[in-house]
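Numbering (full-length UniProt numbering), first residue to last: 1 to 232.
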Amino acid sequence: MRIDIITIFPEFFSVLDVSLVGKARQSGLIDLRVHNLRDHTHDRHRTVDDTPYGGGAGMVMKPEPWGEAIDEILGDVADDGPVLIFPSPAGELFTQAMARELAQERNLIFGCGRYEGIDQRVFDHFARTGRVRLVSLGDYVLNGGEVAVMAMIEAVGRLIPGVVGNPESLVEESHEDGLLEYPSYTKPAAWRELEVPPVLLSGNHGAIAAWRREQQLERTARVRPDLLPPAN
Ligand code: SAM
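Given below as structure tokens:
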């Protein structure tokens, strides 16, 4: 998969050189390129923002540098019809289902907003000819899109075949079957007077599966009842 990121803080993404995404880059499973939005400005101050039409606090990112930066990347990857993803608290919620969907794509382009966000016409313009998605990480406001993009790349990247060593470990995770995961334990069997639930030491696979399912349901009902399907 090729991933392009446009940002005014390219240095944010140096952490994607480590861990599983870093390995996937080294092995060529992920071709990740970071572009500095300011390289597409043409004034002495490399300006990317201006005051909002209609008034109000804060600054809005100007459309011209975005247009130029995205055009350049599209010129490079145009064949595959990339998805343009702009993190935004006003976007659709990022979910495991969306991560799975995006992991099927060959090209993703992420645009990291800052200040009060990006001029709306950037989204409208590229939506005329391609796929544009505004995506929210959750109901809170970050300073910029960089952290949201890193979270999305981690979630999408680990679903690309070959990135996670044992693909079975991807199946039994929170949100994969719509429920939260059951609690996990490892050795020792007793620690600070806390025992591992005896069923997990029983060797009875049926009983273990039943216990885990029960724990999933109980935890989901307690912590995230909104995830449970409505009762018939
Ligand atoms: N004025 C915008 C609004 O109220 O919708 C918020 C702008 S925020 C300060 C600056 C940037 O941070 C956004 O353009 C977006 O890229 C990113 N951002 C902030 N919160 C986010 C969230 N919950 N999910 C994804 N991106 C977010």
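From the three backbone atoms N, C-alpha and C, an ideal C-beta is built for every residue, glycine too.
Item, Value
"Span of the beta strand (DSSP E), counted from its first residue to its last, around residue 238", "The shown model of the chain, from 1 to 232, leaves out residue 238, and the question about it has no answer."
"Ile160 beta carbon less than 7 Å from that of Ala103", "yes"
"Assigned secondary structure, Arg180 (DSSP; H/G/I helix, E/B strand, else coil)", "A small fix is needed here, since residue 180 is Leu in this sequence, not Arg. In this structure, Leu180 counts as coil in the three-state DSSP scheme."
"Integer-rounded CB distance, given that Leu134 should sit under 8 Å from Ala148", "Not really, about 11 Å apart at Cβ, beyond 8 Å."
"Sequence-distant residues of the same chain with beta carbon closer than 6 Å to Asp4, five excluded per side", "Arg33, Ile73, Ile109"
"Near the ligand SAM: Ala90 beta-carbon under 6 Å from a heavy atom", "yes"
"Per-residue burial, Val132 [other beta carbons within 10 Å of its own, 16 or more giving buried]", "buried"
"Residue of Leu179, Ala151, Pro63 minimising C-alpha distance to Thr47", "Pro63"
"Thr51 classed as buried or exposed, judged by whether at least 16 other C-beta atoms fall within 10 angstroms", "exposed"
"Secondary structure of Leu37, DSSP reduced to three states", "helix"
"Cut-off 6 Å between Cβ atoms - residues of its own chain near Phe86, not counting five sequence neighbours on either side", "Gly111, Leu134"
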